[in-house]
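Reading through the structure tokens given below for one structure.
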Amino acid sequence: MIEIPSDLHKDLVPLAFLLGNWAGAGVHDFPGAEKCNFGQEVTFTHDGRDFLEYSSHTWVLDGDGNKVRPLESEHGFWRIDASRKVEVTMTRDDGVIEIWYGELADQKPQIDLVTDAVARTAASRPYTGGKRLYGYVKSDLMWVGEKQTPEVELRPYMSAHLKKVVTPEEVERWAKALPDDMPDDGIAFFK
Numbered sequence: 001m002i003e004i005p006s007d008l009h010k011d012l013v014p015l016a017f018l019l020g021n022w023a024g025a026g027v028h029d030f031p032g033a034e035k036c037n038f039g040q041e042v043t044f045t046h047d048g049r050d051f052l053e054y055s056s057h058t059w060v061l062d063g064d065g066n067k068v069r070p071l072e073s074e075h076g077f078w079r080i081d082a083s084r085k086v087e088v089t090m091t092r093d094d095g096v097i098e099i100w101y102g103e104l105a106d107q108k109p110q111i112d113l114v115t116d117a118v119a120r121t122a123a124s125r126p127y128t129g130g131k132r133l134y135g136y137v138k139s140d141l142m143w144v145g146e147k148q149t150p151e152v153e154l155r156p157y158m159s160a161h162l163k164k165v166v167t168p169e170e171v172e173r174w175a176k177a178l179p180d181d182m183p184d185d186g187i188a189f190f191k
């Protein structure tokens, strides 16, 4: 269910499908790094201004799905203009700052992004750019990331399948918003 908050900046309505808290798992695989399954929590929020605030935390999972240690964290801001062009500024925990540009697909909730600029601290690992694809598929958020370094050509390195996290307060709000004339047997609702 895509809900558009009444206080969402009008320019951000096309990105409303991203809003909320998401959690799930994915796969990390890149030459020179540990191949692993990872868990992820992503949050997209807004404060009424013309951007979404983004936060992502990932961690390595063991064979039983338990958290082992942090993998990557990133934070950023997402904007969209009237022609559906998307810009993202992002800072990652490994000392990389990126500017991404892309666009929202026509008639579907899918965003393709590519890095336009990369700045790295002296402590960061080699990195020269990347691509990302985000899609809202059957109420889930899916994404795949590609990256390149001076030694490795652009290639996929992370992907994840995330589910919307629903808080008890959201369930209560949705329940209060149900119409009064709902069938009481549950079965009639589906007829």
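Sequential numbering from 1 applies to the sequence shown in the UniProt record's numbering. Even glycine gets a Cβ: it sits at the ideal position worked out from N, Cα and C. Note that the structure is predicted; figures quoted are calculated from it, not measured.
Residue i versus the options, residue with shortest Cα-Cα distance
{"i": "residue 165", "options": "13, 18, 99", "result": "18"}
{"i": "residue 107", "options": "125, 95, 116, 84", "result": "84"}
{"i": "residue 128", "options": "147, 121, 143", "result": "147"}
{"i": "residue 124", "options": "14, 16, 77, 94", "result": "94"}
{"i": "residue 116", "options": "79, 133, 88", "result": "88"}
{"i": "residue 60", "options": "168, 24, 14", "result": "24"}
{"i": "residue 81", "options": "161, 13, 136", "result": "13"}
{"i": "residue 32", "options": "68, 150, 51", "result": "150"}
C-alpha distance - residue i paired with residue j, whole-angstrom precision
{"i": "residue 35", "j": "residue 6", "result": "43 Å"}
{"i": "residue 11", "j": "residue 100", "result": "18 Å"}
{"i": "residue 70", "j": "residue 38", "result": "9 Å"}
{"i": "residue 66", "j": "residue 152", "result": "30 Å"}
{"i": "residue 16", "j": "residue 126", "result": "34 Å"}
{"i": "residue 3", "j": "residue 40", "result": "22 Å"}
{"i": "residue 64", "j": "residue 73", "result": "22 Å"}
{"i": "residue 167", "j": "residue 122", "result": "41 Å"}
{"i": "residue 188", "j": "residue 75", "result": "Note that residue 188 scores a pLDDT of 45, beneath 50, so its modelled location is shaky and nothing firm can be said."}
Span of the beta strand (DSSP E), counted from its first residue to its last, around residue i
{"i": "residue 27", "result": "20-28"}
{"i": "residue 153", "result": "Counting along the chain, residue 153 falls outside any beta strand (DSSP E), and DSSP gives it neither H nor E."}
{"i": "residue 80", "result": "67-80"}
{"i": "residue 112", "result": "110-120"}
{"i": "residue 147", "result": "140-148"}
{"i": "residue 85", "result": "85-92"}
{"i": "residue 133", "result": "129-137"}
{"i": "residue 45", "result": "36-45"}
{"i": "residue 57", "result": "52-61"}
{"i": "residue 103", "result": "96-104"}
Own chain partners of residue i with C-beta closer than 7 Å, once the 5 adjacent residues on each side are dropped
{"i": "residue 102", "result": "86, 111, 112, 113, 114"}
{"i": "residue 157", "result": "28, 29, 30, 145, 146, 147"}
Beta-carbon contacts of residue i that lie in its chain and below 6 Å, excluding the five residues immediately before and after
{"i": "residue 45", "result": "53"}
{"i": "residue 131", "result": "114, 146"}
{"i": "residue 97", "result": "91, 119"}
CB contact check: residue i to chain C, cutoff 8 Å
{"i": "residue 132", "result": "As a matter of chain content, chain C is missing from the structure shown, which is built from one protein chain."}
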